[in-house]
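Enquirer:
In my numbering, the protein residues as written are -7 to 480.
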């Protein structure tokens, strides 16, 4: 119930509408009227303050022009934002659509933003060992493509992607090129899938914890998210969610999952596909880490095991080559590829050609397989360096998790009731950063968990980062002694 009263001086030379506007703006600034608050109807507010309706209407319009409130026909007027700084040339905040405000992009920015400190060691963003990137090979291939395929890369291409790259990916995974759509990174694929399949109010059942980018994209599409803990492989739980919510699709990252690193077993994969077929529910399989195994190769992908054409498979070169390449792909039924290509065409027309043709040559020449061997070895070294540093430097039982068998992440649980956001504050002050666990949950959970990317730093950087993290633990929980922690 709105109970705020704005003091008005009726004998003042300042117009009443301006006094009302100033009073409401102050209440928004101080937080007495937080974002989302519904202001009273103009007629009711006028009656409450003994004003004309025109005075209140004018005040509301002034607030809306400043971007502080938004009026919606049939719903009312709502507080939308804090005031801009005094020298802001235009109040853009209040003009942002409700759907955009729902995107909650701050979690992803938390992972990507460089605070500008040269001494900061960041385990937050998910990058491979970019020092292993085959620079000379790519330089040679760029020259080759420019020399022999200049007419191709300078013209418009199909939204589905350059035929050469679609063919090379198809040969590598024993699939027809017509079932492959080239992307500007896997995130574009998730966005296309959301726009293709989701209407506001639809339900998505997804991994819990799960990929933060998927959470944001599906929410931006207006979906309701319900989590399934795929680490337990409980198909009764999954069937329960299917029966209760009738989801539009199931989203899962079953191989070296982000963030947990867990891999779903072959039996659980068959059971998941069986449930999806029984209830006629598509499965979106996000698989950026499948080729990045560090010990044994994982089971076949859900897409390879699917006999009902209900899996949309999504992957990328970013996690084994370099994130800056921005090349990924979707493999799916031709009808879905056609629909996704139409949506993609409206947004980006086509994906640039040079990078696609260079990647096609990189795969064709066998260099991609050679690079995979190199990157697996390096990531294994860096994983082992992380586990060794944690055992040697962190306080006892302060961070416990499983040894990653692939991918690029360590997922751990904090001991002693620590909160990962509070620890992060201390860690950044000490010169190290990580990803807090709560951003990977579609609900309010994960506060005692965190994710460390072990692939993005050298062994020396990893050890120094863990030493700094150890000091952060000591600052957060004074008096703890150091000893080895269990890695199970």
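A virtual CB, placed ideally from N, CA and C, is assigned to each residue, including glycine. For clarity, every value in this text was computed on a predicted model and none was experimentally measured.
Along the chain, where does the alpha helix (DSSP H) containing residue 132 start, and where does it finish?
Expert: 127 to 140
Enquirer: Can you tell me which of the three DSSP states residue 383 falls into?
Expert: helix
Enquirer: Can you give the beta carbon distance from residue 280 to residue 307, rounded, assuming they're within the 8 Å contact cut?
Expert: 6 Å
Enquirer: Just the C-alpha distance for residue 175 and residue 119, rounded to the nearest angstrom, thanks.
Expert: Our two residues, residue 175 and residue 119, have alpha carbons roughly 18 Å apart in a direct line.
Enquirer: Could you pull out every residue in the same chain whose Cβ sits closer than 6 Å to the Cβ of residue 149, ignoring the five residues on either side in sequence?
Expert: 342, 345
Enquirer: With DSSP as the reference, label residue 344 as helix, strand or coil.
Expert: coil
Enquirer: Which complete beta strand (DSSP E) runs does the segment 218 to 279 hold, if anything under 3 residues is left out?
Expert: For the segment 218 to 279, the continuous beta strand (DSSP E) assignments of 3+ residues that do not extend past its boundaries occur at 241 to 244, 275 to 278, in sequence order.
Enquirer: If you run the structure through DSSP and keep just helix, strand and coil, what is residue 197?
Expert: strand
Enquirer: Can you confirm whether the segment 346 to 358 touches the segment 150 to 163 when touching is taken to mean that 3 or more C-beta pairs between the two stretches lie within less than 8 Å?
Expert: Touching, yes, given that three or more Cβ pairs across the two stretches are closer than 8 Å.
Enquirer: Mind checking who residue 300 pairs with in its DSSP beta bridge?
Expert: In the DSSP output, where bridge partners are listed per residue, residue 300 has none listed.
Enquirer: Among 126, 449, 35, which one has its Cα closest to the Cα of residue 358?
Expert: 126
Enquirer: Which value, in whole angstroms, describes the spacing of the CA atoms of residue 489 and residue 243?
Expert: One cannot answer for residue 489 here, as it falls past the ends of the chain, which runs -7 to 480.
Enquirer: If you run the structure through DSSP and keep just helix, strand and coil, what is residue 435?
Expert: coil
Enquirer: Does DSSP classify residue 443 as helix, strand or coil?
Expert: In the three-state DSSP reduction, residue 443 falls in the strand class (E or B).
Enquirer: Beta-carbon within less than 6 Å of residue 105's beta-carbon, same chain only, minus the 5 sequence neighbours each way: which residues are those?
Expert: The predicted position of residue 105 is uncertain, since its pLDDT is 49 and thus under 50; a value taken from the coordinates is nonetheless stated next. Correct list: empty, nothing qualifies.
Enquirer: Do the CB positions of residue -2 and residue 16 come within less than 8 Å of each other?
Expert: yes
Enquirer: Identify, in the order they occur along the chain, each residue of the same chain with its Cβ nearer than 7 Å to the Cβ of residue 468, setting aside the five sequence neighbours on each side.
Expert: 410, 414, 415, 418
Enquirer: If you count every other CB in all the chains shown that lies within 10 Å of the CB of residue 65, and 16 or more means buried, which is it?
Expert: Answer is exposed; the Cβ neighbour count stays below 16.
Enquirer: What would DSSP say about residue 392, mapped onto helix, strand or coil?
Expert: In the three-state scheme derived from DSSP, where H, G and I count as helix and E and B as strand, residue 392 is classed as strand.
Enquirer: Give the straight-line distance between the Cα atoms of residue 446 and residue 437, rounded to the nearest whole angstrom.
Expert: Distance between the alpha carbons of residue 446 and residue 437 is about 23 Å.
Enquirer: Please classify residue 391: is it buried, with 16 or more other beta-carbons within 10 angstroms of its beta-carbon, or exposed?
Expert: buried
Enquirer: For residue 47, which residues from the same chain have a beta carbon less than 6 Å from its beta carbon, with the 5 sequence-adjacent residues on both sides left out?
Expert: 8, 9
Enquirer: Mark residue 310 as exposed unless 16 or more other C-beta atoms lie within 10 angstroms of its C-beta, in which case mark it buried.
Expert: Residue 310 is buried by the Cβ-count criterion.
Enquirer: DSSP three-state call for residue 465: helix, strand or coil?
Expert: helix
Enquirer: Using 8 Å as the threshold, is the C-beta distance between residue 234 and residue 271 below it?
Expert: yes
Enquirer: Does the segment 211 to 227 come close enough to the segment 357 to 375 that 3 or more CB-CB pairs lie under 8 Å?
Expert: Taking a cut-off of 8 Å on C-beta distances, the segment 357 to 375 does not touch the segment 211 to 227, as fewer than three cross pairs fall below it.
Enquirer: Is the beta carbon of residue 54 sitting closer than 8 Å to the one on residue 63?
Expert: no
Enquirer: Report the CB separation of residue 284 from residue 399 in whole angstroms; it is logged as a contact under 8 Å.
Expert: 6 Å
Enquirer: Just curious, the beta strand (DSSP E) that residue 402 is in, first and last residue?
Expert: Under the DSSP assignment, residue 402 falls in the beta strand (DSSP E) whose first and last residues are 401 to 406.
Enquirer: Considering only C-alpha positions, which residue in the set 222, 239, 225, 365 is nearest to residue 210?
Expert: 239
Enquirer: So for residue 285, helix, strand or coil by DSSP?
Expert: strand
Enquirer: On the CB-based measure, 16 or more other CB atoms within 10 Å of its CB, does residue 305 come out buried or exposed?
Expert: buried
Enquirer: Measure the Cβ-Cβ separation of residue 161 and residue 321 and say whether it is below 8 Å.
Expert: yes
Enquirer: Do residue 462 and residue 406 have their C-beta atoms closer together than 8 Å?
Expert: Taking 8 Å as the cut-off, the Cβ atoms of residue 462 and residue 406 do not count as close.
Enquirer: Which residues in the same chain as residue 486 place their Cβ atom closer than 7 Å to its Cβ, once the five residues preceding and following it in sequence are excluded?
Expert: Within the shown structure, residues of the chain are numbered from -7 to 480, placing residue 486 beyond reach of any answer.
Enquirer: What is the DSSP secondary structure of residue 62, counted as helix, strand or coil?
Expert: strand
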